[in-house]
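Numbering (my numbering), first residue to last: 2 to 238.
The beta carbon of each residue, even a glycine, is placed where N, CA and C say it ideally should be.
The structure displayed is predicted, hence computed values, not measured ones.
Working notes, beginning with the structure itself.
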Ligand code: URA
Ligand code: SF4
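Here's what the structure looks like:
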């Protein structure tokens, strides 16, 4: 609801004014990074501008914006959920334990990480304190929507052949709320202007597997999904 609409409702339905005020507050917090995107974006200008983003409340909790990085015209773009503890401190995506696992799986699938671009659906670390530790908290739909313009701009500038969603947050951001990674992982789907998208699990879910056997199995399935991606880019050459 715009301020004008809110004013109209307040004048015509004065008894609803507290509802209107609540809605207006909600609109204020439901921001978007859209206004910050430069008119002819480059990776450098995006990264620089994103440093100052306050489009949702997460900027205050994280140490810094963790923007995507990687090869300028990468054929593959990986999209995770949000930076973790180590990424937040270092300012780089997928450099913690999940990143180490991703690197291993990429090597097994024959994909060179240096030729890819790696980013996240949300660019700030969302966490809650538990003792001295910072515990990962899932970003909500308002935060994902607020951050989406950065991801869209990255896709536009890098122009990858294939986008790989790592986990449900990235998949639901790009493929919609009805997408189910468990049922549709590894499928090659069309995305926008001639691109393709493949969704798979988040590497952190493999780290959380309850025992060595299931961890091994999950890793093999993850590598299989990445081999699907490797085939697409090999086929495009
Ligand atoms: N998990 C993510 O989704 N992204 C990172 O960058 C690190 C961990
Ligand atoms: Fe901006 Fe995204 Fe950080 Fe929210 S999470 S402040 S939208 S960069």
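Check whether residue i and residue j have beta carbons under 9 angstroms apart
i           : j           : result
residue 87  : residue 98  : yes
residue 168 : residue 182 : yes
residue 187 : residue 229 : yes
residue 150 : residue 35  : yes
residue 227 : residue 110 : yes
residue 171 : residue 70  : no
residue 133 : residue 62  : no
residue 50  : residue 59  : no
residue 44  : residue 73  : yes
residue 42  : residue 67  : no
residue 206 : residue 219 : yes
residue 129 : residue 114 : no
residue 193 : residue 136 : no
Integer Cβ distance of residue i from residue j, believed to fall under 8 angstroms
i           : j           : result
residue 33  : residue 56  : 6 angstroms
residue 106 : residue 224 : 5 angstroms
residue 78  : residue 191 : So it is not a contact: roughly 15 angstroms between Cβ atoms.
residue 112 : residue 231 : 5 angstroms
residue 175 : residue 166 : 6 angstroms
residue 164 : residue 80  : 6 angstroms
residue 75  : residue 189 : Wrong, their Cβ atoms sit about 18 angstroms apart, outside the cutoff.
Residue(s) in a DSSP beta bridge with residue i
i           : result
residue 70  : 119
residue 131 : 134
residue 81  : 121
residue 197 : 163 and 191
Limits of the unbroken alpha helix (DSSP H) element including residue i
i           : result
residue 175 : 169-176
residue 183 : 182-185
residue 223 : 213-236
residue 1   : The question about residue 1 has no answer, for the chain in this structure spans 2 to 238.
residue 101 : 98-110
residue 89  : 86-91
residue 207 : 204-208
Answer yes if the stretch 115-128 comes into contact with the stretch 141-154, meaning at least three C-beta pairs across the two stretches below 8 angstroms, and no otherwise.
yes
Does the contact criterion of 3 or more C-beta pairs under 8 angstroms hold for the stretch 88-95 versus the stretch 192-201?
no
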